[in-house]
Amino acid sequence: MKKSINILFAVAEAAPFAKVGGLGDVAGALPEALNKLDEFNFDVRIFMPFHARVHEYDPDRRKIGNFNFSLMSGDTLECELFIAQIGSTKVYLIDNEYINHNSPIYHGDWRLDGLKYVSFSLMVLEASKFIDWKPDILHCNDWHTALAINALDQHYANDSFFKETRTVLSIHNLPYNGWGSQEAMSQLGFSPSTDPDLPDWAKFTPLPMGIAATDLVIAVSPGYSKEIQTPEYGCGLENYLSKHSDKVMGILNGLDIDSYNPETDEIISHSFSSDRLYQRLMNKLHLQSTLGLEVGHQIPLMTMVSRLSHQKGIDLLLDSLEQILHLPWQFVLLGTGDPELEERANNFAKSHPEKFVALLKYDENTARQLYASGDIFTMPSRYEPCGLSQMIAMRYGNIPVASATGGLKNSIFDYSDGLDTATGFLSHQFSVGDFSQTLAKALSLFTDKVIWTQIQRNAMAQDFSWHHSAITYAQAYLNLINPDIPENKTLIDEA
Ligand code: ADP
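For any residue, its number in the working numbering is found by taking its place in the sequence shown, counting from 1, and adding 4.
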């Protein structure tokens, strides 16, 4: 039998075990999609922390054993290793004293997050040695695991176990670079990167240290891979990334289309398809009634499901809604995060109770009900590396009105380019004036059922499955493992 290609997928969260945002969706679906590619022989395994949230989820798991190792500082770290499964993909759950069982996935306290993820980055490497499973590719995600790549390059450079290992670092969100974990890095024995191309501040910051050491950087959309090479989105790393653009690429995320399927989703009150949109309407009427809003199919229902962070533009949204209060609409927001933004949303709801409902919580079931009920899904993001919410919304016939940035530009076809292809509405300037006008345009077209139904059908017909993206990842892996592949041979032939 052909030897498998081992991919160690290191990540902070993976749905359904533990999810905060899109990173969890990606980690829960991409490894499985790669394992299912028959033409390749991948063995992709997820390595993640055994968070309190995973304990709560309580997956079937088996303890593999305890191991310890010496940190670069000379101290010893004791670890516990478990194995579970997401679909048919193996998931290693790693525990140690810093993965506190009363804590959230991300503390928001840099000292604690630093210790948790800096130690996790090392444990990933040691766990693969413990189970004697040599990775051909170490694929890390965001700052939380980026230091595994730095450690491989610096501290494990002479370790024959990793001699053949090539590295990939996915950037899901560049501004979250791990700044603040310096104390933890020093405590665990890391030293600054010596790459002269990195700016000084970045030499001892996890994500840039990983970027400097990795063989390949993958941004989560082609649009974002270009944006991060500009001063506006590059967070101070634009010069580094453009100088090293030969190792930067973008691959659009996909969706778990089996999980997010309006025809089979058991959470929503009425399942539907693009041929049975009248059944979709029942979800909207049900939601309006449950939330105490006026019930009526003709009232446009706008929705948003999001982390409430500055990135997501909730401030711009509320200001835009102020501008169109004279129009008929209702809005349901589901989100949690920044307390100031939560308060603003709450105040808006108090001022306009007949129009605006703020559900300030994280709740997967409510999220699905909103995707299935809303007419319009808003994403006024300041930047959006990929964005999965707009893809889920389109799959459920909920039409996005979004900023023309990053992955939103790559996944939404703007109405202004023609009804035949339209799947949503893009606002090209990040301003209250432009976003409120784009909302108003969508609201007015909603009253034309022929046009609206066409946009809904276009959106629902999009193929957001992981399959295409997984093939692009597969080719990127193979290029790293075998860079000398002849130009006239396809990589799939070689696999
Ligand atoms: P990001 O990763 O930046 O948070 P994405 O659009 O890529 O944004 O992914 C967000 C994911 O998190 C989607 O699956 C969305 O449905 C989910 N999500 C965000 N906020 C909530 C919430 N309050 N309750 C339930 N799901 C949420």
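Even for Gly, the Cβ is constructed at its ideal location relative to N, Cα and C.
Since we're looking at a predicted model, the values are computed, not measured.
Any heavy atom of ligand 1 closer than 8 Å to the beta-carbon of Q315? yes
C-alpha gap between L423 and H356, whole angstroms: 33 Å
Could you tell me which residues DSSP puts in a beta bridge with H501? Because the chain here runs from 5 to 499, residue 501 falls outside it and cannot be looked at.
Secondary structure of F335, DSSP reduced to three states: strand
Any chance the CB of A371 is under 8 Å from a heavy atom of ligand 1? yes
Work out the CA separation of G91 and D29 for me, nearest whole Å. 13 Å
Would you kindly work out how many angstroms separate the C-alpha atoms of G317 and Q479, rounded to a whole number? 35 Å
When you compare only the Cα positions, how much space is there between V336 and S275? 20 Å
Top-ranked residue by Cα proximity to S277, from T457, L81 and H248: T457
Distance, T218 Cα to I485 Cα: 13 Å
Say the cut is 8 Å; is the CB of Y366 nearer than that to a heavy atom of ligand 1? yes
N-terminal and C-terminal residue of the beta strand (DSSP E) that K94 is part of: T93 to D99
Inter-residue spacing [alpha-carbon to alpha-carbon] between H111 and A206: 22 Å
Beta-carbon spacing of A31, F13 below 9 Å: yes
Run through the DSSP bridge pairs and tell me what T80 is partnered with. S74
Proximity winner among M76, L97, E130 and Y387, relative to K230 (alpha-carbon distances): Y387
Which word fits D146, buried or exposed, when buried means at least 16 other C-beta atoms lie within 10 angstroms of its C-beta? buried
Pull up the distance between the alpha-carbon of D367 and that of A19, whole angstroms please. 13 Å
Can you list, in chain order, the residues of its chain whose CB lies under 8 Å from that of L116, leaving out five sequence neighbours each side? Y102, N104 and S107
Determine whether the beta carbon atoms of Y244 and I271 lie at a separation below 9 Å. no
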